[in-house]
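Worksheet for the structure shown next.
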Amino acid sequence: MSQASSPNPLSVWKLQLLGGIRLWHGGGEVRLPRLAVAVLTYLALEGTTPKYRLAGWLWPDSSEEAVKANMRKLLQRLRNSTKTDLVVGDERIELSDLVEVDAVQLSAFSFAGDYARVAASEGALLEGLEFDDCPEFDEWLLATRESFDALRRDASAAEAERLEQAGEYAQALGFARRSLELDPVSEEAHRRLMRLHYRLGDRGAALAAFERCKKILEREFASAPLPETLELARQIEHGTLEGGKHLATQPSDIPTPSALAQTAGLMGRAREWAMMEQAYQEGKLVFLRGEPGVGKTRLAMEFAASKGAVWLIAPRPGDHRVPFSTYARTIRQSLQQCPELLDQMAPWVKLEISRLVPEIAVGDTPPPLVSEADKLRLLEALTQFSLLTNDRSRIIVGDDAQYMDGATVEANVYQLSKFGSVGQGSTIPFTIEIYRKGELDPEIEQKVVFALVEANLAVLIDVEPLSREAVGQMLEGLAIPGSEGLAHQLTRFTGGNPLFVLETVRHLQETGQLERGWPGRLPPPGKVGTVINQRLSKLSSQAQNVARAAAILQSDFNLSLIARVLEMRPLELMEPWQELETAQVLQGNAFSHDLIYETVRAGITPAVGAILHGRAAEVLGETGANPARIALHWMEAGEAFKAAPLWLEAAEQAHQAYRGLEAAGFLEQAVLAYEQAGDQAQAFQARIWAVESLWRHDSGPRQVKLIDELMQTARTPEQKGEAWSAKAWWAISINRDQEAEEAARRGLSELGNLEAYPETAGKLLRALCDALNNQGRYEQALQTLEQANRLLEAIHDQIGLFFNALNYSNVLFHLHRHAEVIAHNQRLIASLPAETSRVWQAEALRRIASSQFFLAQYQDALENARNAETLLEGIEGVEHTRYEIVMEQGWACFSQERHTEALGAFRQAEALLGPHESRVLLIEPYSTIYRVLGAWEQLEQALQAAEQEIQNHTFYRDLVDYHRVLYLYARGLASEGDFAETERRLELAGWDHGLARMRLERALLVEPAQGLLLAQKSLDWARLKGIPGLETEALAHTALLLYKLGRLDEALDHTEAALNRLADYPPPAKRALVWLAGYEVRSATASAGAFEALQKGIQWVNHVAENHVPEEFREGYRWRNPIHRGILEFARLEKLV
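Just so you know, we're using our numbering here: the sequence shown kicks off at -14 and counts up by one.
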């Protein structure tokens, strides 16, 4: 329920739902229509609900539009009649805090242990009202009425038991009778009544109670009482029943779930076992995936035990909200088992690990994580600790990986990527990770599970439900009579889920139904949770309260923590805790199975849940728990205003640990909390922070949704400016530069007086600079940057000025002032403080590498790009930055004609693109390298893929057409008209470097005189901009054209100039062109060195083909590439091949 503030007692409304329906407050009573009663009842007992799903239940025969209209009218009439909002919310609605509900209070009394008050309560839920015209609501109402009957029945039994234990037999008798009224077929209730009559000295009444029990059981079930009941009657009849306290007993011959599981074996799992065996032999990580209860853990544990000692690591529900929670628990378990590890750790390792496990800190506390280097040091410390604990003869089983937090996942992947394999011959033990199908974070499944499988480091095995034959084998193994007839029905009822099979068999054994064959009345197929509920319902009320508290805490609970939540002493809970362990509900400090946990959690009413969550938040706050975990409890308690600052604290911790996506998730939760608390200003600010966290990680629907919400909620000029800034940066991230420019200008217009909002204005001007720069409007970009700098210098915004310096580097790059780009970024790196983000250092190195490519410093470019990638190790959410860096590596390798490495880098870069990012720019590297390799089929596929990605973007269309023309030229199919139209469009787009390259390609297609003009244009441009590799290429092209025109002296001059530059300034992937020109021109002018030039050319082509070209492309590289084909044909004439 909403917790906006404490209501004034005079304004509180009271709603009676039991034994009649009334709604009243200090101002009088309000009559409620039947369907309004239904809405208020459902919201009171179920909590927040999708408005129109509930409406669909109430008007089942109406159209969707009519349903929505009816619900709106009903809520409006309720608002008019009460003059207040008793129902709050929009798409999801809930009951206001202004309403006190008797049925909700009854649940709270039961939880608080006030069983006498619950047992004394009267009246059915919505007594006298029928809803048979609303079948789904009617079904819910019937089930809920039964739950209140059960509440009273259990309370009566609990109070009778308490009084009997206290020796107050007369008072206990009344509650025992009430309990029996509510559940006449309960033998436990009959036995209690018999005992109480006897202990009050009325043996005749006790034996009469026994006779009534026999008749009821015979009439209802055609069965005799249980042996315990018969034995009690015998003792009463002979007067041998001892007085004193009574402890409920369980049938001794019913096996526990764990015993059943041991008997069940591994039926139907030969395929999965064989796949794990193969993975074990090959040193691969195993992922087991399947539905809950399908037997994943059992299978993994059995296989692991067949190979050696097993170490079980089990994340808990709730872990995913708390970074490193799973890892911290594992460390504590290791230190508990081997305390000597504490002394074996290096001091720096111990210091780092104390971030996760503070109790091991001695003296110094670790400094805060302020850079990615700090984060990497933590990951390395965890790796060193793993090396201490890893016994390679031991098998690790990680259960319920879907609960594992992202930080633990990252640490595990870091270690696997470092050591490469698991098991025999590896530093890491053989490992099996288990997770529920459909419940692992999709991004983790894609980037971790599928990526490791694709890299051949892991195998993914889907564990499917058992077949009917396998279920039959299980029943045979359990020695169940008539198993052949039961197998089909049991498979249908349980869906072949082994846990459900075992639970159902246990239930049938406990209730004595199994020997009579398949029972006639059980829940419909798939509802085996009812069977689990049957087991839970037999627990004492105290044990149930402990189970509820444990389910609310979710992870890392213990007896002491639960006692504090329940406001009791731990000693008082020892007996119910033992009861839960005996019933196999708890196993140590965890639920025995996550389905048991979920069943307990689902059975907690909203009112009780809110109380428990509030207590859990208070207790965890006192213990210094993770803020995200505490915040979640306050949210569930309806105390959003308490949760909001904790979400911000959790986001800040995630940022400090360089976990941007995690931080964004916490910020999104903060937005929700502030909105629920009514603080729209803080909600807006949290949204801005969330968008900024996502900018490098996700420009897809998640960020778009946040930006749309910013637009809708912005009210002040500053807020509107921030919203447009977010829109502009999003557009830049997906290469929509005109849209980015429009958004930035709109934001500046909304601000009006820029000096009044310098930080927001600085963001907008920086975005405008980027957009202008990307459109080739460099002078305007520089002017915009200067304006931004003036604003930011006035407020000493060093971070903003640093980003502006990066933008200045971008402008210099597009102006082809590459020496300045290198010097500028080198100064930036030198000026960065040690704690500055490694991401920005990597960005600066990437810019240096990119300019070095243009300066023909290819090896230096490759080394800087690799150094940049190293800086990003251990950092999450920077895939686009990695993409750009790996792409630079590919270009540096391509320029040196290391084509195998280049192609690998381009493919690696492609894999780094997010699902929302366009692949059209990949046409640039793929088209370029496939033309050199003569890989026409692959090039056609790349062009077709790019065509599908264009989406009416003018520059993308020009880019794809440009590469299609070059492809046609390489195959000898291009026409002059193809080149002319594309050249015109490139001129308009301002893509001068691409235009210069294209003119050189076109120059060899047209008449030599026209071609010479084109080549000289490219040569002049390369010299003007200082692009030495392109200048060498242009000299060679010009030499060949002069040769064709008969201007041999000039041709020779250009040839010698190109040859002289070749060692220092080779053209990207076109060294053979220079040697081809050297051979042709020197031969024509009878100059020395023609033959040597040809020899160098053929040696180079063969060397590259054999050593740096994938085998499938070698023939194409030699004979489809026109330059290489020319070299080889001349070599044949010269008898060199």
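C-beta atoms are modelled at their ideal positions from N, C-alpha and C, and glycine is treated no differently.
Pull up the DSSP beta-bridge partners for residue i, would you.
i: His14; result: The residue you asked about is not His; residue 14 is Glu in the sequence shown. Trp9, per the DSSP bridge assignment.
i: Glu365; result: Beta-bridge pairing links Glu365 to no other residue.
i: Asp87; result: For Asp87, which the question treats as bridged, DSSP gives no partner whatsoever.
i: Tyr183; result: Paired residues: none, contrary to the question.
i: Gly383; result: Ile298, Glu418
i: Gln270; result: One point to set straight first is that residue 270 is Leu, not Gln, in the sequence displayed. According to DSSP, which records beta bridges pairwise, Leu270 is partnered with Ala443.
i: Phe839; result: Phe839 is not bridged to any residue.
i: Glu275; result: Reading off the sequence, residue 275 comes out as Gly, not Glu. In DSSP, Gly275 forms a bridge with Arg421, Val448.
i: Phe576; result: Leu571
i: Ile413; result: Val407
i: Leu110; result: Leu3
DSSP state of residue i, grouped into three classes?
i: Asp123; result: helix
i: Gly588; result: coil
i: Tyr868; result: helix
i: Asp349; result: coil
i: Leu597; result: helix
i: Tyr742; result: coil
i: Lys523; result: coil
i: Gln1; result: strand
i: Pro242; result: Note that Pro242 has pLDDT 46, beneath the 50 cutoff, so the model's placement of it is unreliable and no number is given.
i: Val170; result: coil
i: Val676; result: helix
i: Arg1117; result: helix
i: Leu80; result: strand
i: Tyr911; result: helix
i: Gln235; result: Its pLDDT being 40, under 50, Gln235 is placed unreliably by the model, and the measurement read from it follows with that caveat. Note: Gln235 maps to coil in three-state DSSP.
i: Met252; result: coil
i: Ile1108; result: helix
i: Arg1103; result: helix
i: Ala472; result: helix
i: Asn397; result: helix
i: Trp921; result: helix
i: Arg700; result: coil
Check this for me: beta carbons of residue i and residue j, under 9 Å apart or not?
i: Gln329; j: Ser371; result: no
i: Leu270; j: Thr416; result: yes
i: Ala548; j: Glu560; result: no
i: Lys36; j: Arg62; result: no
i: Ser1130; j: Ala145; result: What is shown of the chain runs -14 to 1122, which leaves residue 1130 out entirely.
i: Ala472; j: Glu449; result: no
i: Thr33; j: Gly74; result: yes
i: Glu1125; j: Ile784; result: This structure leaves residue 1125 out entirely; the chain is present only between -14 and 1122.
i: Asp168; j: Arg138; result: yes
i: Trp921; j: Tyr952; result: yes
i: Asn574; j: Leu551; result: no
i: Ala29; j: Leu0; result: yes
i: Leu739; j: Arg306; result: no
Flag residue i as yes when its Cβ comes closer than 8 Å to any non-hydrogen atom of the ligand FAD, and as no otherwise.
i: Leu167; result: No copy of the ligand FAD occurs in the structure displayed, which carries no ligand at all.
Original post:
What are the start and end residues of each continuous alpha helix (DSSP H) run of 4 or more residues lying completely inside the region 19 to 78, in chain order?
Top reply: If we require 4 residues or more, the alpha helix (DSSP H) runs fully inside the region 19 to 78 come out as 19 to 31, 36 to 43, 49 to 67.
Original post:
Per the contact definition of three or more C-beta pairs closer than 8 Å, is the region 988 to 1003 in contact with the region 805 to 820?
Top reply: A contact between stretches requires three or more CB pairs, one per stretch, nearer than 8 Å, and the region 805 to 820 fails this requirement with the region 988 to 1003.
**OP:** Determine, using beta-carbon pairs with one atom in the region 307 to 314 and one in the region 268 to 288, whether at least three such pairs fall under 8 Å.
**Re:** The answer is no - the region 268 to 288 does not touch the region 307 to 314, with fewer than three Cβ pairs under 8 Å.
Original post:
For the 8 Å Cβ check, are there 3 or more pairs between the region 153 to 168 and the region 120 to 128?
Top reply: Short answer: they don't touch.
Original post:
Per the contact definition of three or more C-beta pairs closer than 8 Å, is the region 1040 to 1059 in contact with the region 1090 to 1102?
Top reply: Counting Cβ pairs under 8 Å, fewer than three are found: no touch.
Subject >> the region 853 to 861 contacting the region 1020 to 1033, beta-carbon criterion three pairs below 8 Å >> reply: No, the region 853 to 861 does not touch the region 1020 to 1033.
Original post:
Three or more C-beta pairs closer than 8 Å, one from the region 567 to 578 and one from the region 520 to 530: is that the case here?
Top reply: Output reads yes: the region 520 to 530 touches the region 567 to 578.
Original post:
How about the region 136 to 155 and the region 188 to 201: do they share at least three Cβ pairs that are nearer than 8 Å?
Top reply: At 8 Å Cβ cutoff, the stretches do not touch.
Original post:
Hey, is the region 661 to 668 in contact with the region 618 to 636, meaning 3+ C-beta pairs nearer than 8 Å?
Top reply: The region 661 to 668 makes contact with the region 618 to 636: 3 or more CB pairs, one atom from each, lie closer than 8 Å.
**OP:** Kindly confirm or deny that the region 972 to 989 and the region 803 to 819 touch, where touching means at least three C-beta pairs closer than 8 Å.
**Re:** As far as the Cβ criterion goes, the region 972 to 989 does not touch the region 803 to 819, which means the pair count is below three.
Subject >> Contact between the region 839 to 848 and the region 875 to 888 (3+ Cβ pairs under 8 Å) >> reply: As far as the Cβ criterion goes, the region 839 to 848 touches the region 875 to 888, which means the pair count is three or higher.
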